[in-house]
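Structure, as structure tokens:
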Amino acid sequence: MNANHSFIKGLRDGIPIGLGYFSVSITFGMMAASFGIPTWAAVLISFTNLTSAGQFAGISLMASCAPFIEIALTQLVINIRYALMSLSLSQKADSTFTLPHRLLASHFITDEIFAVAAGQNSSINPFYIYGLAVIPVLGWTSGTFVGAAASAFLPEIIQRSLGIVIYGMFIAVIIPPAKKNHSIWLVLSAAVLLSCAFKWLPLFAFISEGFSIMICSIAAAALGAALFPVKEAEQ
Amino acid sequence: MTLQTTLLYIFTMAGVTYLIRMLPITLCKQKLTNTFVRSFLYYIPYTVLGAMTFPAILYSTGSIYSAAAGLAAAIVLAMREKGLLTVALSSYAAAFITDILIR
Numbered sequence: 028m029n030a031n032h033s034f035i036k037g038l039r040d041g042i043p044i045g046l047g048y049f050s051v052s053i054t055f056g057m058m059a060a061s062f063g064i065p066t067w068a069a070v071l072i073s074f075t076n077l078t079s080a081g082q083f084a085g086i087s088l089m090a091s092c093a094p095f096i097e098i099a100l101t102q103l104v105i106n107i108r109y110a111l112m113s114l115s116l117s118q119k120a121d122s123t124f125t126l127p128h129r130l131l132a133s134h135f136i137t138d139e140i141f142a143v144a145a146g147q148n149s150s151i152n153p154f155y156i157y158g159l160a161v162i163p164v165l166g167w168t169s170g171t172f173v174g175a176a177a178s179a180f181l182p183e184i185i186q187r188s189l190g191i192v193i194y195g196m197f198i199a200v201i202i203p204p205a206k207k208n209h210s211i212w213l214v215l216s217a218a219v220l221l222s223c224a225f226k227w228l229p230l231f232a233f234i235s236e237g238f239s240i241m242i243c244s245i246a247a248a249a250l251g252a253a254l255f256p257v258k259e260a261e262q
Numbered sequence: 021m022t023l024q025t026t027l028l029y030i031f032t033m034a035g036v037t038y039l040i041r042m043l044p045i046t047l048c049k050q051k052l053t054n055t056f057v058r059s060f061l062y063y064i065p066y067t068v069l070g071a072m073t074f075p076a077i078l079y080s081t082g083s084i085y086s087a088a089a090g091l092a093a094a095i096v097l098a099m100r101e102k103g104l105l106t107v108a109l110s111s112y113a114a115a116f117i118t119d120i121l122i123r
């Protein structure tokens, strides 16, 4: 596929992600406002970080004036999954993915952009990633602005259920492929069971949420790789 | 918070997150041939999102009942392979309506 064609295909594939991000980032903007973070700062965080869970954790640490090292470590733990996605994408990158493209395109690796890019049947070029990222970045940044600006006017009853939007989006990403592939379904179930055990069993109460996500996802994926190795053609 | 501290916080977060994303795809240029590693990478996005969503989704709204309603709506629609936005917003709508009903 040529650069233009890839970019346009990416743009189109990015529309549903961008709309989802717009609604989720409204929640983020509202939460930032409730922590006393200025609107411009909330928007700058969304534009430069482009991550959901990391930003939500980051603003509560900012609000409590946490040390920089704590903020850095929290981001490392919550966002380490992007390293695995980045490594996974390096396996799908075609020969046009030169160093400057890798330096730029890697910034746009999010859960959903990765899921769509990884779901492509062929290898991918950088222009597909750029096209794919445009609308999500716009949606994520503008939603943050709208949320931060509107928080003063929206009643609490509308705001209090907004936290579920991001999880609804995650469910929409993971269930369809799991339905089609028995191994994904089992591996996903293992991760969910482990994660619930970590949350609810007093034995694991000392493990923080960020670490729990990391341990559960690594353990379940390793189990899956051992029990249901994937043939090259399926990837 | 001063302007300078705010900016330092933001760029610390952004810097760490960028390095996490940039280093693996930049440093790893060869195809991985090990089946275990390839399979592990194939499963990782599903396990990360699964572990992030459950059980956290149950605590994401005002009450566990409204969250359960939102979760049920999301699962039913995702099983029917509806799009991201449809699933996410229907999940919110189910939670929101339940929230009003149980007050």
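Protein chains in written order, with our numbering: chain A, 28 to 262; chain B, 21 to 123. Glycine included, every Cβ here is placed at the ideal spot set by N, Cα and C. Please read these numbers as outputs of a predicted model, since none were measured by experiment.
Taken in chain order, the whole alpha helix (DSSP H) runs of length 4 or more contained in the region 91-134 of chain A are 95-106, 108-117 and 126-132. Between A:S52 and A:G195, the C-beta spacing is not below 8 Å.
In this structure, the CA atom of A:S244 is about 9 Å from the CA atom of A:L215. Between A:S188 and B:Y112, the gap from beta carbon to beta carbon is short of 8 Å.
Annotated three-state conformation of A:I72 is helix, per DSSP. Scanning its chain for C-beta atoms nearer than 7 Å, with the 5 sequence neighbours on each side dropped, one finds around A:A84 the residues T101 and I105, in chain order. Per DSSP, reduced to three states, the secondary structure at A:I151 is strand. Against chain B, a Cβ distance below 7 Å from A:R39 picks out nothing, because the smallest value is about 13 Å. Collapsing the DSSP output to three states places A:K258 in coil. Boundaries of the alpha helix (DSSP H) around B:P44: L23 to L47. Taken atom to atom, the span from the alpha-carbon of A:P256 to that of B:Q24 is near 50 Å. Ranked by Cα distance from A:I193, the first of B:F60, B:L61 and B:A76 is B:A76.
Listed in chain order, the positions of the region 106-117 of chain A with a beta carbon within less than 8 Å of a beta carbon of chain B are N106, I107, R108, Y109, A110, L111, M112, S113, L114, S115, L116 and S117. Rounded to the nearest angstrom, the Cβ distance from A:E139 to A:V200 is 6 Å, consistent with a contact under 8 Å. Inter-segment contact for the region 118-129 of chain A and the region 141-159 of chain A is present: three or more beta-carbon pairs are separated by less than 8 Å. When rounded, the separation of the alpha-carbon atoms in A:Q82 and A:E183 is 22 Å. The C-alpha of A:F197 lies about 15 Å from the C-alpha of B:A88. For A:V200, the nearest beta carbon of chain B is closer than 8 Å to its own beta carbon.
Per DSSP, reduced to three states, the secondary structure at A:A179 is coil, with no helix or strand assignment. Short of 7 Å from the beta carbon of A:G158, and not among the five residues preceding or following it, lie these beta carbons of its own chain, in chain order: S33, F34, I35, K36, G37, L38 and G41.
The beta carbon of A:G63 is closer than 7 Å to those of A90 in its chain, skipping five residues each way along the sequence.
For the 8 Å CB-CB criterion, A:L103 and B:V36 form a contact. Cβ neighbours of B:S110 within its own chain (closer than 6 Å, five residues either side excluded): A93 and L97.
Annotation for B:P65: the continuous alpha helix (DSSP H) segment containing it runs T55 to T73. In terms of CA proximity to A:F135, A:A110 leads the group A:N148, A:A110 and A:Q147.
With fewer than 16 other Cβ atoms inside 10 Å of its own Cβ, A:A179 counts as exposed.
CA-CA distance, A:A218 to B:L105, rounds to 24 Å. One Cα belongs to B:N54, the other to B:S86, and the distance between them is close to 45 Å.
Closest option to A:G56, judged by alpha-carbon separation, among A:L130, A:T137 and A:Q186: A:Q186. At a C-beta separation below 7 Å, A:I234 has no neighbours in chain B, since its nearest C-beta there lies roughly 12 Å away. In the three-state reduction of the DSSP assignment, A:F233 falls in the coil class.
If you check each beta-carbon in the region 46-58 of chain A against every beta-carbon of chain B, the ones closer than 7 Å belong to L46, G47 and S50.
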